[in-house]
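**Student:**
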Amino acid sequence: MNEFSPQSDRGDHLDLLLATSEIGIWELDVATGKALRNLRHDQIFGHEELLDEWSGDIFLAYVHAEHRKRIGSLLANSVNGGQPWSFEAPIRRADGVDRWISAKGMPKFSEDGQVTKLIGHVIDITQTKHNEDRLKLLSKELNHRVANTFTIMNSMIRHGAKETTSVEEFAEGLMNRLASLARSNRVLIANEAERSSLQEIIRVELDAFANWQQRVIVNGSGPVWFSGPASEALALIFHELLTNAVKHGALSNTDGNVTVNITRTSGQETYIDWVERGGPATSVEPHSGIGSTILRNAMRDEGKVTLDFAPGGLNCHIVVNESFQREVKHPSIAPQQLSTVEQSATDTTALLSGKRVLIVEDDPIIGLDISEILLAAGARPIGPCRNVASALKAIGDLPDAALLDINLGSETSESVALRLAEMAIPFITLSGQLETGGLDDQYANAPRISKPFGEAELLLCLTKILQ
1 MNEFSPQSDR GDHLDLLLAT SEIGIWELDV ATGKALRNLR HDQIFGHEEL LDEWSGDIFL
61 AYVHAEHRKR IGSLLANSVN GGQPWSFEAP IRRADGVDRW ISAKGMPKFS EDGQVTKLIG
121 HVIDITQTKH NEDRLKLLSK ELNHRVANTF TIMNSMIRHG AKETTSVEEF AEGLMNRLAS
181 LARSNRVLIA NEAERSSLQE IIRVELDAFA NWQQRVIVNG SGPVWFSGPA SEALALIFHE
241 LLTNAVKHGA LSNTDGNVTV NITRTSGQET YIDWVERGGP ATSVEPHSGI GSTILRNAMR
301 DEGKVTLDFA PGGLNCHIVV NESFQREVKH PSIAPQQLST VEQSATDTTA LLSGKRVLIV
361 EDDPIIGLDI SEILLAAGAR PIGPCRNVAS ALKAIGDLPD AALLDINLGS ETSESVALRL
421 AEMAIPFITL SGQLETGGLD DQYANAPRIS KPFGEAELLL CLTKILQ
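Going by UniProt numbering, the sequence shown opens with residue 1, and the numbers climb by one from there.
(1) How far does the alpha helix (DSSP H) with S353 in it extend, from its first residue to its last?
(2) Taking the alpha carbon of E22 as the point to measure from, which residue in G33, D29, I44, G105 has its own alpha carbon closest?
(3) Flag this pair as yes or no: are the beta carbons of D29 and K136 separated by less than 7 Å?
(4) Going by beta-carbon coordinates alone, are S102 and I123 separated by less than 7 Å?
(5) In chain order, what residues of the same chain lie with their CB nearer than 6 Å to the CB of L466, ignoring the 5 residues before and after it?
(6) Distance, Cα to Cα, Q336 vs L368?
(7) By Cβ distance below 7 Å, which residues in the same chain neighbour V63 in space, the five residues on each side in sequence not counted?
(8) Does L459 come out as helix, strand or coil in the three-state DSSP assignment?
(9) Does the distance from the C-beta atom of I295 to that of I202 stay below 7 Å?
(10) One question on the structure: do D362 and R386 come within less than 7 Å of each other, judged by their Cβ atoms?
(11) Using the beta-carbon count (16 or more within 10 Å), is Q41 buried or exposed?
(12) So the beta strand (DSSP E) D52 belongs to, where does it begin and stop?
(13) Between the Cα of F453 and those of S431, A446, K464, spot the shortest distance and give me the residue it belongs to.
(14) Note down the Cα distance separating G220 from W100, rounded to an integer number of angstroms.
(15) What residue range does the beta strand (DSSP E) around S371 cover?
(16) Near A345, what residues of its chain come up, given a Cβ to Cβ distance below 8 Å and the 5 sequence neighbours on each side ignored?
(17) List the whole-angstrom C-beta distance separating G354 from R380, where the pair is believed to meet the contact cut-off of C-beta under 8 Å.
(18) In three-state terms, what does DSSP make of A245?
(19) Just verifying my parser: in three-state terms, what is the DSSP assignment at T270?
(20) Alpha carbon to alpha carbon, how far is T254 from K162? Give it in angstroms, no decimals.
(21) Assuming L408 contacts V388 under a Cβ cut-off of 8 Å, what Cβ separation, rounded to an integer in Å, is found between them?
(22) Per the DSSP calculation, P90 is bridged to which residue(s)?
(23) Who are the Cβ neighbours of H317 in its own chain at under 6 Å, not counting the five residues just before and after it?
(24) To the nearest angstrom, how far is it from the Cα of G82 to the Cα of I119?
(25) Could you have a look at V341 and say whether DSSP puts it in helix, strand or coil?
(26) Taking buried to mean at least 16 other C-beta atoms within 10 Å of its own C-beta, is L314 buried or exposed?
(27) What does D29 pair with, by DSSP beta-bridge criteria?
(28) Using only the alpha-carbon positions, how far apart do M423 and G378 sit?
(29) Between the C-alpha atoms of A233 and N321, what's the straight-line distance to the nearest angstrom?
(30) Could you check the C-alpha separation between L375 and I366 for me, to the nearest Å?
(31) Can you give me the C-alpha to C-alpha distance between P311 and F170, rounded to a whole angstrom?
(32) By the 10 Å Cβ neighbour count, where 16 or more other Cβ atoms means buried, how is P107 classified, buried or exposed?
(33) Rounded to a whole number of angstroms, what is the C-alpha to C-alpha distance between T263 and S197?
(34) So who's on the other strand from A35, going by DSSP bridges?
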């Protein structure tokens, strides 16, 4: 079946390398047009066993039609002009699955300079392409969100100034809303998206739009749980819809409202209808930008988003395919991930009075802020320590607890966490990232607070570990 097998003293080593690296290799004889391959080559194209024959024409039949002419020209240039062959292209395998491949080939010449054969390899790069596409979309979305975030912050400040009667009340409300906005942004990259429900995604996004929560009504049955990519996509979609509603739609005035209707079909698809009413009249779709692009493409091939800019307000119909959903019989939240503090105020002063709390934080402003929060609660802060060396030295003062920033410039707090654990001193990790950075896995279950955090959240968590 024309299987290619290296014949040399090092053949066994090469076979092992090819098998572990998932590389398909091929050798095309220019005179006959036939090609030898290894088994992995044909598997990449959807065949469990080697085909009886292979050729350039057979290969081109697998390439997506819109890329076929380009790839054919590259092949002709290699055969006729002795040019190296290198490209990436989408293919449709024999089983109907679409994949991406990377192929490279080099010509071999006769003594008179004629091309006699092409040799090369092919690799399945589908996951790499998906990651690249996701990173491109993520980069555009993050840039877009930065601009939107400043707009939302301006709106929060204006609304907060009208609703509050003291500087303290205004500051507390603004900090809480900024923390909610930060939490909604984390859905983009968080592992917590793997356990997100549709209701939770909507709730997290609405938390960042506190002034308009009462004007968004969600109708639907029990929880619907999604995969990580689906949670990420829906978070993007709802952020865009809410931002657009606040800036231009039903939430931009005092009379409009939004209704979100959630239904499941017998085929296990989920339908989500976003309906705006009472806002400014919209009869023509606005200029297409990154927001519209995200709305239409965030679901990729696992669903569909349809926008209807009706005169009465925007209608958005979202279809989520069954493949983007997953069963969760007993959902639970990981204990180390602390959410917004929704409990009533606790008398932390009595619990923290006189407690010595080590602060390890490289940012001087954040460190000073934490120190002032602890002093106001009656605690005795040690530090802030801005590096590992000073933190290890400060542990000698025998703190009752510690607040530990994970990343300290070019180093991590792993050695500090190790020392605290050895001395049975409870600690909380602080981080602007959702991953636990360089900390050893056995300490990843320490209570963790994500930046930015609220004063009440910090003090409540601290009292819990001290108790």
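We put the beta carbon where it would ideally sit given N, CA and C, even for glycine.
**Tutor:** Let's see:
(1) For S353, no alpha helix (DSSP H) run applies, since DSSP gives it neither H nor E.
(2) By alpha-carbon distance to E22, the top candidate from G33, D29, I44, G105 is I44.
(3) The Cβ atoms of D29 and K136 do not sit closer than 7 Å to each other.
(4) Their beta carbons are under 7 Å apart, which means S102 touches I123 by this criterion.
(5) Cβ within range, chain order: A401.
(6) Model confidence at Q336 stands at a pLDDT of 35, short of 50, so the residue's coordinates are unreliable; what they give is reported in the following sentence. In a straight line, the C-alpha of Q336 is about 25 Å away from that of L368.
(7) By the criterion of a C-beta distance shorter than 7 Å, V63 is surrounded in its chain by I71, A89, I91, once the five residues flanking it on both sides are discounted.
(8) Per DSSP, reduced to three states, the secondary structure at L459 is helical.
(9) One detail in the question is off: residue 295 reads as Leu in this sequence, not Ile. In this structure, I202 does not lie closer than 7 Å to L295 by Cβ.
(10) Contact: yes.
(11) This sequence places His at residue 41; Gln is not what is there. Within a 10 Å sphere around the beta-carbon of H41 sit 16 or more other beta-carbons, which makes this residue buried.
(12) It is not in any beta strand (DSSP E) - D52 carries neither H nor E in the DSSP assignment.
(13) Check the Cα spacing between F453 and each of S431, A446, K464: the tightest is with S431.
(14) Between G220 and W100, the C-alpha separation is close to 39 Å.
(15) That residue, S371, is in no beta strand (DSSP E); its alpha helix (DSSP H) goes 364-376.
(16) Low confidence applies to A345: its pLDDT is 39, below 50, so where it sits in the model is not reliable, and the reading given next is rough at best. Excluding sequence neighbours, A345 sits near A456.
(17) About 6 Å separates the two Cβ atoms, so the contact holds.
(18) Here A245 sits in helix by DSSP.
(19) If DSSP states are grouped into helix, strand and coil, T270 belongs with the strands.
(20) If I take the Cα positions, the gap works out to 14 Å.
(21) The beta carbons of L408 and V388 sit about 6 Å from each other, so the pair counts as a contact at 8 Å.
(22) DSSP lists W100 as the beta-bridge partner residues of P90.
(23) Cβ contact annotation for H317 (same chain, cutoff 6 Å, sequence separation greater than five): D273, T306, in chain order.
(24) When the Cα atoms are used, G82 and I119 turn out to be separated by approximately 12 Å.
(25) Confidence is the limiting factor: at V341 the pLDDT is only 36, short of 50, which leaves the residue's position unreliable, though a coordinate-based value still follows. Coil, per DSSP.
(26) Buried, since its Cβ has 16 or more Cβ neighbours within 10 Å.
(27) Answer is K117, bridged to D29.
(28) Going by the C-alpha atoms only, they are around 24 Å apart.
(29) Straight across, the Cα-Cα distance linking A233 with N321 is about 13 Å.
(30) Separation of L375 and I366 (C-alpha to C-alpha, rounded to the nearest whole angstrom) is 14 Å.
(31) Looking at the two C-alpha atoms, the distance is approximately 37 Å.
(32) The residue in question, P107, is buried, as its Cβ has 16 or more Cβ neighbours within 10 Å.
(33) Going by the C-alpha atoms only, they are around 14 Å apart.
(34) A35 pairs with L28.
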